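To start, the structure itself, in structure tokens.
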Amino acid sequence: MTLKNIVAAAFSLVLIAGSAMAGTIEIEDAYARAASPVAKSGAAFMHISNNGDVDDRLVAVKTDVARSPQLHTHIIEDGIAKMREVPEGFVIPAHGTTVLKRGGLHIMLIGLTKPFIQGETITLTLVFEKAGEITVVVPVDNERHDEMGMEMEGMKMDGDSMSNMDSAAPSN
Ligand SMILES: [Cu+2]
Numbered sequence: 377m378t379l380k381n382i383v384a385a386a387f388s389l390v391l392i393a394g395s396a397m398a399g400t401i402e403i404e405d406a407y408a409r410a411a412s413p414v415a416k417s418g419a420a421f422m423h424i425s426n427n428g429d430v431d432d433r434l435v436a437v438k439t440d441v442a443r444s445p446q447l448h449t450h451i452i453e454d455g456i457a458k459m460r461e462v463p464e465g466f467v468i469p470a471h472g473t474t475v476l477k478r479g480g481l482h483i484m485l486i487g488l489t490k491p492f493i494q495g496e497t498i499t500l501t502l503v504f505e506k507a508g509e510i511t512v513v514v515p516v517d518n519e520r521h522d523e524m525g526m527e528m529e530g531m532k533m534d535g536d537s538m539s540n541m542d543s544a545a546p547s548n
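The sequence shown begins at 377 in this note's numbering and counts up by one.
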């Protein structure tokens with residue numbers, strides 16, 4: 377076992393509360409962020425692995441930190457990066473990992489009920505089609521930059537969801 381694996385294993389034990397051993401789903405490297413202390417929306421990212429023999433699907437997220445948690449992806453339309461809700465959810469393939477990251481699939485937290493303070497944690501309950509509900513304690517890391525360094529500042533939202541967003545400070 378490499379040091380990285382050991383760290384990841386320890387990290388996931390800390391992150392997953394309660395039903396960590398239930399089902400075949402494993403959550404690693406979760407973090408959440410918002411663009412500023414007054415941002416009205418935030419986002420969460422993580423690696424979701426499926427150790428089972430059948431595909432599963434993340435279909436919803438429940439949390440008390442946002443009035444409207446949504447599953448989002450990014451698309452490029454007319455050369456502009458935009459976010460779209462994914463109503464069917466995210467497939468977690470059997471013996472595979474689905475990565476939620478900046479610029480890609482993510483959990484959008486619209487209508488924050490509290491500021492995201494660096495170093496604090498939020499609690500998300502992920503609802504899977506087969507594995508059921510898994511509650512994850514997610515550290516807030518507003519300062520983290522993913523490997524691609526893809527910044528989404530200024531990105532536009534489509535449609536009605538725009539009015540729910542903090543357009544002055546998109547947080548993803
Ligand atoms: Cu989004």
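Virtual Cβ for every residue (Gly too), placed ideally from N, Cα, C.
None of these values were measured; they are calculated from a predicted model.
Ligand 1 heavy atom lying under 7 Å from the CB of residue i
{"i": "HIS482", "result": "yes"}
{"i": "HIS471", "result": "no"}
{"i": "HIS448", "result": "yes"}
{"i": "ALA408", "result": "no"}
{"i": "ALA419", "result": "yes"}
Residue i (DSSP reduced to helix, strand or coil)
{"i": "SER412", "result": "coil"}
{"i": "HIS423", "result": "strand"}
{"i": "THR499", "result": "strand"}
{"i": "THR400", "result": "coil"}
{"i": "GLU505", "result": "coil"}
{"i": "ASP405", "result": "strand"}
Residue i, buried or exposed, once every other Cβ within 10 Å from all chains shown has been counted against 16
{"i": "GLU519", "result": "exposed"}
{"i": "ASN426", "result": "buried"}
{"i": "ALA398", "result": "Below a pLDDT of 50, predicted positions are generally treated as unreliable, and ALA398, at 46, falls in that range; the measurement from the model is reported next regardless. It is exposed - the Cβ of ALA398 has fewer than 16 other Cβ atoms within 10 Å."}
{"i": "GLU402", "result": "buried"}
> Taking three-plus beta-carbon pairs below 8 Å as touching, is the region 432 to 445 in contact with the region 486 to 501?
Replying inline: yes
For this session: Just list the beta strand (DSSP E) runs in the region 426 to 494, keeping only unbroken ones of 3 residues or longer that don't cross its boundaries, in chain order.
Result: 432 to 438, 442 to 453, 456 to 461, 466 to 468, 472 to 476 and 482 to 488
Per the contact definition of three or more C-beta pairs closer than 8 Å, is the region 407 to 425 in contact with the region 508 to 517?
-> yes
- Take every Cβ of the region 448 to 461, pair it with every Cβ of the region 500 to 510, and state whether three or more of those distances are shorter than 8 Å. no
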